[in-house]
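Working notes, beginning with the structure itself.
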Amino acid sequence: PGLEGLTNKAWLKVRHEFAIMEISQGTQCQTCGLRFTDRSVQTKHLDRHFRLNRRLQRQAGRVVSREWDLSVEEWCDQDDPTLVEVRKQERKKDEEEEEKTKVVLQVPEDESQKRCNKCGDILERQFDADKDMHVYIHATRVAEGEQKIPKEHWNKILCQSCYELFINPPKPPEKKTGEEEGKPGTGKAKDEEKANEEEDKGNEEEEKKEEDEKKDEEENEKKEDEEKEEEEDAKVKMEEEDEGEEEEVKEEKNS
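Quick note on this note's numbering: the sequence shown kicks off at 722 and runs consecutively.
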């Protein structure tokens with residue numbers, strides 16, 4: 722009977738096999754009692770129990786401090802709180818691998834220039850044991866006559882980010898063609914005009930329908946008023962006929 726059966730005491734006392742079969746589908750977790758029909762979901766759930774139990778065993782007999790608040794990225798990815806530390810380690814590994822694969826430019830230290838010639842950031846100074854000298858890392862000296870870099874930066878030191886911007890500048894946004902801009906006579910403009918015309922036609926049809934409906938309603942109201950008037954006239958005539966019959970009966974009695 723659906724939700725109505727929940728308020729029917731007699732129905733609730735009866736054993737319903739279909740409800741029992743629906744509830745007991747899949748395999749049951751021996752720890753929390755949840756049931757799963759998907760094997761992969763069940764294995765993830767069991768792994769989560771294993772991690773929680775291992776954490777509790779490690780923390781046994783220790784003073785545990787409150788964890789720091791999660792970052793926005795960690796909070797958004799928190800489908801399973803036991804995986805936060807695992808994901809932190811994975812991100813650190815990914816960042817380290819990116820740093821290793823990235824080419825680090827370096828140039829010998831120049832005491833006359835300690836800042837990037839373009840952005841003005843302080844150049845990072847480090848000792849290079851292989852060369853036995855101090856160098857600026859993430860920086861390079863621009864060769865004279867380099868075409869992609871302006872003359873004002875020739876023979877000067879630039880930080881790696883500024884240098885890469887000159888060598889590989891970001892692509893400017895593509896200019897929209899006439900069709901994309903919607904100029905008159907183009908395909909997009911024609912499509913927009915057709916869409917506007919169809920909208921106007923649709924609005925006109927709706928207005929006509931509304932007017933027709935209003936007219937029908939007025940006609941129906943008039944018909945109803947006429948029928949009411951006819952009924953009232955018929956009642957008046959019936960009352961007059963009844964009165965006439967009563968007078969005739971009285972006259973007969975008097976005679």
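By construction, the Cβ of each residue, glycine as well, lies at the ideal position given by its N, Cα and C atoms.
Contact between residue 826 and residue 860 is confirmed by a C-beta separation of about 6 Å, below the 8 Å threshold.
The DSSP assignment places 827-829, 845-849, 854-858, 860-862 as complete runs of the beta strand (DSSP E) inside the stretch 800-877, in order along the chain (cut-off: 3 residues). Spatial neighbours of residue 839 in its own chain (CB-CB distance under 7 Å, excluding positions within 5 residues in sequence) are listed in chain order as 874, 879, 883. In the structure shown, residue 883 adopts helical secondary structure according to DSSP, grouped into three states.
For residue 756, DSSP records a beta bridge to 749. If you look at residue 733, you'll find it in the alpha helix (DSSP H) that goes 730-734.
For residue 862, the closest alpha carbon among the candidates 854, 850, 836, 853 is that of 836.
Per DSSP, the unbroken alpha helix (DSSP H) holding residue 740 starts and ends at 738-744. When secondary structure is reduced to three states using DSSP, residue 782 falls in the coil class, being assigned neither helix nor strand. The beta carbon of residue 748 lies closer than 7 Å to those of 756, 757, 763 in the same chain, with the five residues before and after it left out. By the neighbour-count criterion, in which 16 or more other beta carbons inside 10 Å mark a residue as buried, residue 888 falls on the exposed side. Assignment of residue 761 by DSSP, reduced to helix, strand and coil, places it in the helix class.
Within the same chain, 756, 758 come within 8 Å of residue 746 by CB-CB distance, once the 5 residues on both sides are set aside.
Using a Cβ distance threshold of 8 Å, residue 856 and residue 894 do not count as a contacting pair. Within the model, the alpha-carbon separation for residue 920 versus residue 939 is close to 29 Å.
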